[in-house]
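Asker: Dropping the structure in here first, questions after.
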Amino acid sequence: MLGKALHAITRFPGACAALCLAAALAGCGTASTTSSMPSRSSAASSAAAKELAPSGKLRAAINFGNPILATKDAATGEARGVSVDLARELARRLGVPLELVTYPAAGKVVEGVKANEWDVAFVAIDPRRGADMDQTTPYVIIEGAYMVPDASPIKENADVDRQGVRIVVGAGSAYDLFLSREIRKAMLVRAPTSPTVVDTMVRDAMEVAAGVRQQLEADQKRFPGLRMLPGRFMVINQAMATPKGRPEGSRYLNEFIEEMKASGFVGSALSRHHVDGAAVAPPAGR
C-alpha cells in the first residue's frame, strides 16, 4: 500500500497534492469533531469525581484491623496494602488528591459513614452495612477461621456452637455480624478490635477466637499453645463502598473494581504485599 502511494506521488504530483489537501481538510474536520465532544469515559469520570470526591479530594477509609487489606510499614508508619493501592489508583483516575482516613477496626469504619468521615471504604459485604452505603462487587475473598487452646476438646468447626463456649470476635467485624446471626448456643464476647481478639482470649481464658485466618496465624506465633481448627467457618467477600446517595459514584466504583480484577491489578497487589490465603474474587456474575 505504501509503495503504491509513493509511486502515485512520483507520477502524478498535482493529483497527489490535491488528494493530500483533501485528506488534511478531512482530518481537521474529524479532529475538530472529536475534541469538541468529551469521551464517554471522561464524562463518566467527571460525574463520578463530583460524587466520590465532593470536597475536591478523595477520602479513603483504611482499616488496619484486617492485615490482608492494609498494614503500617514497620519502619515509616506509612499505610500499605491492596486497599491503599486501590485508593491511590482510583484517586489518580478521578484526577483528585487522596487523603487516607485510617481506622483500627472495621466497626469504626462503619461508624464513620454516619459521621461523613470518608468517601470510599474497603469493607466486607454484609446486609447490615448496606443500609448506609452502596457496596461494589467483591475484589478479594478471604477466610474466617477459629483458633482454640491446644488442650481444648473442640476439634472441628461444628463443635464450636455449644453451651458454655465463649467465642471472642472483633466488635463490629464481619465475623461479629455473621456469627451474631448464626450462633445459637455459644456466647459471643467482643474484643475492641480484630487484632486484639487472641490477646483477649488468652488473657481471659476464653474457649475460641474467631477472625481472619492470617491474623490468627500471626498471633499463634506470639502465643504458644494455640491451634487452628481445620477449614473455615465463613468466606468473606471484601468490596469497596461509598455512602448512599451517590449513584454515579457507585456505578463508577463497580466498573473500577471489575477492571482492577480483570487487569491483574488486585492480584499483583496481593503478591507485592506478600498476602497469602486471599484470592482475587471472580468477575461479576460468576
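Positions in the sequence shown are counted from 1; adding 3 to them yields our numbering.
Glycine included, each C-beta is placed from N, C-alpha and C at the ideal position.
1) Please work out which residues of its chain come closer than 6 Å, Cβ to Cβ, to glutamate 54, disregarding the five sequence neighbours upstream and downstream, and give them in chain order.
2) What would DSSP say about methionine 209, mapped onto helix, strand or coil?
3) On the DSSP bridge list, what partners appear for methionine 204?
4) Does DSSP classify glutamine 138 as helix, strand or coil?
5) How far does the beta strand (DSSP E) with asparagine 240 in it extend, from its first residue to its last?
6) If you compare alpha carbons, which of Ile71, Leu93 and Ala50 is closest to isoleucine 260?
7) So, for methionine 150: in the same chain, excluding its five sequence neighbours on each side, which residues have a beta-carbon less than 6 Å away from its beta-carbon?
8) Distance check for isoleucine 186 and alanine 177, CA to CA, integer angstroms please.
9) Have a look at the DSSP bridge pairing and note the partners of lysine 53.
10) Out of Gly110, Ala82 and Ala189, which one is the CA nearest neighbour of leucine 103?
11) Taking only three categories from DSSP, how would you classify glycine 267?
12) Just verifying my parser: in three-state terms, what is the DSSP assignment at arginine 254?
13) Using C-beta distances below 7 Å, list every residue in its chain close to glycine 234, excluding the 5 sequence neighbours before and after it, in chain order.
14) So what does DSSP say about threonine 74, is it helix, strand or coil?
15) Under 8 Å Cβ to Cβ from asparagine 119, same chain only, skipping five residues before and after it: list those, please.
16) Taking contact to mean at least 3 C-beta pairs separated by less than 8 Å, is the segment 106 to 113 in contact with the segment 155 to 171?
17) Given this structure, state the Cα-to-Cα distance separating serine 271 from threonine 74, to the nearest angstrom.
18) Kindly indicate which residue of Arg62, Met263, Thr199 and Ala51 has the alpha-carbon position closest to the one of proline 285.
19) Per DSSP, which one or two residues make a beta bridge with alanine 124?
20) State the DSSP-derived secondary structure class of arginine 193, mapped to helix, strand or coil.
21) Using only alpha-carbon positions, find the residue among Ile65, Ala63 and Asn69 that is nearest to glutamine 217.
22) Taking a contact to mean a Cβ-Cβ separation below 8 Å, would you say threonine 140 touches alanine 242 in this structure?
23) Using only the alpha-carbon positions, how far apart do valine 87 and isoleucine 65 sit?
24) In the DSSP assignment, find the alpha helix (DSSP H) that holds glutamate 159 and state where it starts and stops.
25) Is aspartate 164 close to chain B? Criterion is C-beta to C-beta, closer than 8 Å.
26) So, at 6 Å on beta carbons, what are the nonlocal neighbours of tryptophan 121 in its own chain, with the 5 sequence-adjacent residues on each side left out?
27) List the DSSP bridge partners of glutamate 146.
28) Along the chain, where does the beta strand (DSSP E) that runs through leucine 182 open and close?
29) Using the C-alpha atoms, what's the distance from alanine 50 back to arginine 95?
Answerer: Let me spell this out:
1) Excluding sequence positions up to five before and after glutamate 54, its CB lies within less than 6 Å of the CB of Arg249, Glu251 and Gly252, all in the same chain and listed in chain order.
2) DSSP places methionine 209 outside both helix and strand once states are collapsed to three, so it counts as coil.
3) Methionine 204 pairs with nothing; no bridge assigned.
4) Strand.
5) From DSSP, the beta strand (DSSP E) with asparagine 240 extends over 237 to 246.
6) Sorting Ile71, Leu93 and Ala50 by C-alpha distance to the C-alpha of isoleucine 260 places Leu93 at the top.
7) Non-local C-beta neighbours of methionine 150 in its own chain, meaning closer than 6 Å and more than five positions away in sequence, comprise Ala212, Leu219, Leu229 and Met231, ordered along the chain.
8) In a straight line, the C-alpha of alanine 177 is about 14 Å away from that of isoleucine 186.
9) DSSP output for lysine 53 lists no bridge partner at all.
10) When only C-alpha atoms are compared, the closest one is Ala82.
11) Coil, per DSSP.
12) Arginine 254: helix per DSSP, three-state reduction.
13) Asn160.
14) Threonine 74: strand per DSSP, three-state reduction.
15) Only Pro246 meet the Cβ criterion.
16) Segments in contact, no.
17) C-alpha of serine 271 to C-alpha of threonine 74: approximately 17 Å in a straight line.
18) Among Arg62, Met263, Thr199 and Ala51, the Cα nearest to that of proline 285 belongs to Met263.
19) Paired residues: Ala64 and Ala244.
20) Per DSSP, reduced to three states, the secondary structure at arginine 193 is strand.
21) Nearest to glutamine 217 by C-alpha distance, out of Ile65, Ala63 and Asn69, is Asn69.
22) Yes; because the gap between Cβ atoms is below 8 Å, this pair is in contact.
23) Approximately 7 Å, taken between the alpha carbons.
24) Here glutamate 159 belongs to no alpha helix (DSSP H), and DSSP marks it neither H nor E.
25) Reference to chain B is not applicable here, since this structure consists of a single protein chain.
26) In the same chain as tryptophan 121, and ignoring 5 residues on each side of it, the C-beta atoms closer than 6 Å to its own belong to Arg62, Ala64, Val104 and Gly115, in chain order.
27) BP columns for glutamate 146 point to Val238.
28) Going by DSSP, leucine 182 is part of no beta strand (DSSP E) but of the alpha helix (DSSP H) stretching over 177 to 185.
29) So the two alpha carbons sit approximately 15 Å from each other.
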